[in-house]
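Chemist:
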Amino acid sequence: MQKWAIGVFASVDAGLGVHLDVAKELGISTVQVHSPHQHTRTPEVAQAFLQRCREAGITVTCVFGGFDGESYADIATTARTVGLVPEATRAARVQEMKEISDFAKLLGVGCVGLHIGFVPEDRQGTSYKSLLEVTRDLLDHVKANGQNLHLETGQESADHLLEFIHDVDRDNLFINFDPANMILYGNGDPIEALKKVGHLVRSVHCKDAKWAAPDQRGKGWGTEVALGDGDVGMETYLRTLLSLGYTGPLTIEREIAHDRVQQKTDIGQAQRLLESLRTKIGV
Ligand code: MG
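Dropping the structure here:
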């Protein structure tokens with residue numbers, strides 16, 4: 093695969109992300125895909141999707157899990173509903189994530205990704221400790237499928253994410269770094285965070301955002317914007333990735349599924365920006 097191959101976050105069916113046809117039309121060569129719904133996670137669907145990818149010259153690099161009942165309406169709702177952290181749905185979601193790992197195996201993909209949720213702050217608390225246990229259980233299943241698990245960044249500080257990964261203590265747990273999420277959630281400067289966790293970064297999102305007002309950071313969302321229009325600083329971001337030795341795909345993520353026309357326009361803008369920076373930096 094080309095170094096810094098351009099990618100886009102796509103979907104197998106009606107999940108998050110752009111339709112595969114958009115990636116094909118833009119000539120994008122890699123995709124991360126949002127897992128399809130349970131009833132369509134079948135060998136037949138996997139084979140049909142792979143066939144479409146082959147015809148379009150597209151490689152699937154990671155399959156992301158997501159669950160019914162998750163809502164990103166605001167930060168408090170996100171904390172209450174997203175990932176494996178909410179205890180009422182934890183057991184069922186771990187089981188579903190194992191099934192998503194099995195589906196990724198059908199696609200021949202060696203990576204599954206996840207927003208695990210807001211990892212509890214107290215490392216001695218029962219919620220934190222039981223989250224460690226279920227994460228290890230999931231990682232053992234993922235490992236048996238020959239895969240790594242990548243945690244999406246943003247819902248905790250870089251330091252706390254490192255503590256959690258250290259405490260889980262498994263060799264197939266890594267990071268999908270999303271610089272815009274650090275800004276959206278108000279969890280710290282994305283470049284500084286990347287330098288801290290860079291040794292564990294195995295996949296990345298190229299997404300941009302503007303900070304919330306200083307008194308609102310961590311309480312209200314920042315604003316996601318088209319790549320290059322926000323506060324990440326894409327050239328600095330890419331140069332930092334290079335200094336860390338990261339040459340994997342640059343997966344564009346633009347989370348405005350309600351406006352597919354604008355989404356496609358913005359992904360095209362992102363693609364051109366990344367291609368020009370790749371040339372400028374000489375990768
Ligand atoms: Mg992301």
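So my numbering is basically just the index in the sequence shown, starting at one, shifted up by 92. Just so you know, even glycine gets a beta-carbon here, dropped at the ideal spot from N, CA and C. On a predicted model such as this, the values are computed, not experimentally measured, just so you know.
1. Give the DSSP bridge partners of residue 267, in chain order.
2. Relative to the ligand MG, is the shortest distance from any of its heavy atoms to the C-beta of residue 244 smaller than 7 Å?
3. With 16 other CB atoms within 10 Å as the buried threshold, where does residue 136 fall?
4. Would you list the one or two residues that DSSP bridges to residue 343?
5. Just to confirm the assignment, what range does the beta strand (DSSP E) spanning residue 124 have?
6. Give every residue of the same chain whose Cβ lies closer than 6 Å to the Cβ of residue 248, excluding the five residues on either side of it in the sequence, and list them in chain order.
7. With residue 310 as the anchor, note down where its beta strand (DSSP E) starts and where it stops.
8. Would the beta-carbon of residue 345 be found less than 7 Å away from any heavy atom of the ligand MG?
9. Taking the DSSP output, what are the residues bridged to residue 316?
10. Taking only three categories from DSSP, how would you classify residue 156?
11. Would you report the Cα separation of residue 113 and residue 278, rounded to the nearest angstrom?
12. By the DSSP assignment, the alpha helix (DSSP H) with residue 360 in it spans what residues?
13. Taking 7 Å as the cut-off, does the CB of residue 372 come closer than this to any heavy atom belonging to the ligand MG?
Modeler: Quick answer:
1. Residue 267 sits at position 175 when you count from the first residue of the sequence shown. In DSSP, residue 267 forms a bridge with 243 and 293.
2. Taking the sequence shown and counting its residues from 1, one reaches residue 244 at position 152. Yes, the ligand MG has a heavy atom inside 7 Å of this Cβ.
3. Indexing the sequence shown from 1 puts residue 136 at position 44. When all chains shown are included, residue 136 counts as exposed.
4. In the sequence shown, the residue the question calls residue 343 occupies position 251. In the DSSP output, where bridge partners are listed per residue, residue 343 has 99 and 297.
5. Position 32 of the sequence shown, counted from the first residue, corresponds to residue 124. Note, residue 124: beta strand (DSSP E), 122–126.
6. Position 156 of the sequence shown, counting from 1, holds the residue named residue 248. The answer, listed in chain order, is 211.
7. Reading the sequence shown from its first residue, position 218 is the one you call residue 310. Taken as a continuous stretch (DSSP letters only), residue 310 belongs to no beta strand (DSSP E), as it is neither H nor E.
8. Position 253 of the sequence shown, counting from 1, holds the residue named residue 345. Because some heavy atom of the ligand MG lies under 7 Å away, the Cβ of residue 345 counts as near it: yes.
9. Residue mapping note: residue 316 aligns to position 224 of the sequence shown, counting from 1. DSSP lists 301 as partners of residue 316.
10. Position 64 of the sequence shown, counting from 1, holds the residue named residue 156. In the structure shown, residue 156 sits in a strand (DSSP, three-state: E or B).
11. Residue numbering aside, residue 113 sits at position 21 when the sequence shown is read from its first letter. Residue numbering aside, residue 278 sits at position 186 when the sequence shown is read from its first letter. Straight-line Cα distance between these residues: approximately 34 Å.
12. Translated into positions along the sequence shown, residue 360 becomes position 268. Looking at the DSSP string, the run of the alpha helix (DSSP H) that includes residue 360 is 352–373.
13. Within the sequence shown, residue 372 is the residue found at index 280, counting from 1. No; taking the cut-off as 7 Å, the Cβ of residue 372 has no heavy atom of the ligand MG nearer than that.
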